[in-house]
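Reminder that position 302 of the sequence shown reads as 302 in the UniProt record's numbering, one-by-one numbering, no gaps. No residue lacks a Cβ here, since even glycine has one placed at the ideal position from N, Cα and C. One structure below.
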Amino acid sequence: MKSTLLSRQDLDFLLFDWLRIDELTRRARFAEHSRETFADTLDLCEQLATRYFAPHNKKSDSHEPTFDGVTVTVIPEVKEALAACADAELIGMAMDYAVGGAQLPATVAQAGFAWLMAANVSTAGYPMLTMANANLLAKFGSPEQIDAFVKPMIAGRFTGTMCLSETQAGSSLADITTRAEPRADGTFRLFGSKMWISGGDHELTENIVHLVLAKIPGGPNGTKGISLFIVPKYLVDSDGAAGERNDVVLAGLNHKMGYRGITNTVLNFGEGGHRPGGEPGAIGYLIGEEHRGLSYMFHMMNEARLGVGIGAIALGYTGYLKSLDYARSRPQGRPVSAKDPTTPQVPIIEHADVKRMLLAQKSYVEGALALALYCARLVDIAHTAESGEEADHATALLDILTPIAKSWPSQWCLAANDLAIQVHGGYGYTREYDVEQHYRDNRLNPIHEGTHGIQSLDLLGRKVVQRNGASLAAVHRAMTDSITGARRAGGETADVAAQLEVVVQRLVAVTAGMFAAGDIDAALANSAVYLEAFGHVVIAWMWLEQLSAVAGRTGDFYDGKRQAARYFFRYELPKTGPQLDLLESLDRTTLEMQPDWF
């Protein structure tokens, strides 16, 4: 029986037939791996997802974590799933052998982790944040910090969080007020409060490693004065065990419409609930240099953004498969041309409008999955680059694609969840079926790790113009290479390539024109429209790549790929025309709207 979590056939096609990730084993970093170890990892992730994560997905949604003023209680199945994940050594899948990792390609790790997120995105959130936390510390932490915190996280003894937002600042990190006061012994004492901290308190592991943004008194104003600190829930003894309680106090749990199974917290640092050594303040350890905290944290944030994208895709994908399964098995109505009401009803998958909704979902989730894995492969190429040019190209591509890989799936795989509910009809919005929860869970992802507005400003205001447009040039070059190869193939693939080429050239021209006018406010006013249009062009590129990969192959799977590509090019890509018209006009409607007019 086929899984309704993800399609293993699609993953194998994308990984091995399209991206050819087995070629990565020619690089020294992955030399000890093979196609077999990659496949075994995917098998293991699917088994864990099916056995330990999926069974309690609905239970963790209906039985949220509770806090009695002292202790957070989470349903026991979550701890069991995290232990299984740690026992399988999945937390360090892509990390170095030197720190206890398996040194798998990020592409394999992302594909494997997608199984866990499709099964239970809330429970998967704990290891996702822990992986990103550990990766940041492995890159910027001292050897002592790696021994004390990274290795226990990889082993599953500790979990990790990221603490950025504050109630008065929200996403405006320049306005955070948490302060870190230096002490003679080289540690710092932190005072402040952090909001929206997923995994911020629980009893699931021995310890929780908080990465906290704070300002050292006397430092520069704004983001240039932000430093990054390790603030563990429990101080770590010389033998590596969790010891005295640090002054990190849970002020309360947030209750959300989705992701209900993972604790989401307000944490107070240094409020006096616990005073290690009798002195006020939460003990923190500086990571790297003072005032460079935000640049370090972006390493974790960018990884988390890709992780949010994968989570959005996984939720959209499982919703699609479940609505597909329902459509195959639900008899209702007859063909519009049928005149005899006594003839048997047909499965709803026979109706054209249901096919439309399923095709839309398929085009969104399979296109988005291709993008996520493409980005993961860029991580691997950048990490193992055999020349400076190769590293620069991969990094430039990854820079400009990251906001799209986070936001496009968060918008359009959510749209897939919406359609999955519609396919189910009245049953779709009942709790009897999973698709209602998938929609609620996925609705959080447009906000997680930066809203669409933040991602769009990052794309248009930073990534497009950085290094004199190097990232835009890199993605333009990559798309052009794909288009050139597809046009050589002839036939339908060449026709689709020609269609994409026109839109790509217009996107580049409109982008240049938006800045040439010199009105930066007008250029950025509709950045969210730009993000959506750019994202549609990128997903069309992913579909062109898949069309090229299925050329000459026969069978239902490959025919389905071709039809989904046709749908995206005929129904979705043309939407960019009016969007690019609006952007080209430098429309000021939103800018000129006055608050009093609402």
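Reference residue i; option with closest CA among the options
{"i": "Q505", "options": "E532, S337, I483, F13", "result": "I483"}
{"i": "P578", "options": "H536, W597, W541", "result": "H536"}
{"i": "Q332", "options": "D325, Y320, D340, I349", "result": "I349"}
{"i": "K561", "options": "A405, D380, A376, G367", "result": "G367"}
{"i": "E203", "options": "A242, A184, A304", "result": "A242"}
{"i": "K58", "options": "E303, V121, E89", "result": "V121"}
{"i": "D559", "options": "Y439, D239, K362", "result": "K362"}
{"i": "V336", "options": "R330, A352, T342, A327", "result": "A352"}
{"i": "residue 599", "options": "L500, A312, F534", "result": "The first residue shown for the chain is 1 and the last is 598, placing residue 599 beyond what the model contains."}
{"i": "G160", "options": "A102, I91, S295", "result": "I91"}
{"i": "P403", "options": "E449, R440, G426, A370", "result": "E449"}
{"i": "L321", "options": "I262, D22, T384, H424", "result": "H424"}
{"i": "N133", "options": "P341, Y296, L582", "result": "Y296"}
{"i": "I539", "options": "Q563, F569, T554", "result": "F569"}
{"i": "P220", "options": "T177, L211, I262, G186", "result": "T177"}
{"i": "V99", "options": "P143, V72, R566", "result": "P143"}
{"i": "R467", "options": "A184, T395, Y234", "result": "T395"}
{"i": "A138", "options": "A94, A314, T318", "result": "A94"}
{"i": "L500", "options": "K575, Y259, M593", "result": "K575"}
{"i": "G258", "options": "N445, I154, H210", "result": "N445"}
{"i": "F67", "options": "T263, E36, E303", "result": "T263"}
{"i": "G293", "options": "M593, F140, L582, I447", "result": "F140"}
{"i": "H210", "options": "V248, G186, D22, A184", "result": "V248"}
{"i": "A102", "options": "D441, F16, D40, G192", "result": "D40"}
{"i": "I283", "options": "V231, G261, V502", "result": "V231"}
{"i": "Y374", "options": "H299, T451, L14", "result": "L14"}
{"i": "T563", "options": "L6, L315, L580, A360", "result": "Reading the sequence as shown, one finds Gln at residue 563 and not Thr. Of the candidates L6, L315, L580, A360, the one whose C-alpha sits nearest the C-alpha of Q563 is A360."}
{"i": "V508", "options": "I154, L253, D22, D581", "result": "D581"}
Strand pairing of residue i, partner residues [DSSP]
{"i": "I283", "result": "R189"}
{"i": "V248", "result": "F269"}
{"i": "Y234", "result": "R245"}
{"i": "L211", "result": "M162, I230"}
{"i": "E181", "result": "R189"}
{"i": "T66", "result": "T73"}
{"i": "K194", "result": "L267"}
{"i": "L253", "result": "T265"}
{"i": "P347", "result": "P331"}
Residues near residue i by beta carbon distance below 6 Å, same chain, minus five either side
{"i": "A525", "result": "T590, L591"}
{"i": "V236", "result": "A148"}
{"i": "P182", "result": "F188"}
{"i": "T53", "result": "Per the sequence shown, residue 53 should be read as Phe rather than Thr. A81, L116, A119, N120, T123."}
{"i": "A251", "result": "V266, N268"}
Cβ shell of residue i (< 7 Å), same chain only, five flanking positions each side left out
{"i": "L324", "result": "L358"}
{"i": "I310", "result": "Q110, F113, A114, M117, A372"}
{"i": "A497", "result": "I483, A486, R487, L544"}
{"i": "D380", "result": "L24, P105, A106, T107"}
{"i": "D519", "result": "L586"}
{"i": "G319", "result": "A416, N417, A420, V435, H438"}
{"i": "L44", "result": "A88"}
{"i": "R334", "result": "T343, Q345, V346"}
Sequence-distant residues of its chain with Cβ nearer than 8 Å to residue i (five each side left out)
{"i": "S527", "result": "G453, S456, L457, L459, L460, G461"}
{"i": "E584", "result": "V510, G513, M514"}
{"i": "P55", "result": "E77"}
{"i": "E206", "result": "P152, R157, F158, Y234, A241, A242"}
Supposed close pair residue i, residue j - CB separation, criterion 8 Å
{"i": "S62", "j": "V78", "result": "No, S62 and V78 are not in contact; Cβ-Cβ is about 13 Å, not under 8 Å."}
{"i": "W196", "j": "S165", "result": "5 Å"}
{"i": "H255", "j": "E64", "result": "7 Å"}
{"i": "H274", "j": "R305", "result": "Between R305 and H274 the Cβ distance is about 33 Å, and since that is not below 8 Å, they are no contact."}
{"i": "L129", "j": "C163", "result": "About 11 Å separates the two Cβ atoms, so there is no contact after all."}
{"i": "A180", "j": "L190", "result": "5 Å"}
{"i": "residue 677", "j": "A119", "result": "Given a span of 1 to 598 for the chain in the structure shown, any question on residue 677 remains unanswerable."}
{"i": "Y317", "j": "G199", "result": "Rounded, the Cβ-Cβ distance is 24 Å, inconsistent with contact."}
{"i": "A416", "j": "V354", "result": "Rounded, the Cβ-Cβ distance is 14 Å, inconsistent with contact."}
{"i": "I313", "j": "L378", "result": "Their Cβ separation, rounded to whole angstroms, is 16 Å, which puts I313 and L378 out of contact at 8 Å."}
C-beta neighbour in chain B for residue i, strict 8 Å
{"i": "V423", "result": "Here there is only one protein chain, and chain B is not present."}
Check: Using 8 Å as the threshold, is the stretch 252 to 272 in touch with the stretch 404 to 421, meaning 3 or more CB pairs across them?
Finding: no
The stretch 473 to 483 touching the stretch 425 to 441, judged by at least three CB pairs closer than 8 Å: no
Could you tell me whether the stretch 489 to 496 touches the stretch 532 to 552, where touching means 3 or more Cβ pairs closer than 8 Å?
-> With the rule of 3 Cβ pairs closer than 8 Å, the stretch 489 to 496 counts as touching the stretch 532 to 552.
| query | With contact counted as at least three CB pairs below 8 Å, one residue from each stretch, are the stretch 218 to 228 and the stretch 280 to 290 in contact? | reply | Taking 8 Å as the limit for Cβ pairs, the verdict is that the stretch 280 to 290 does touch the stretch 218 to 228.
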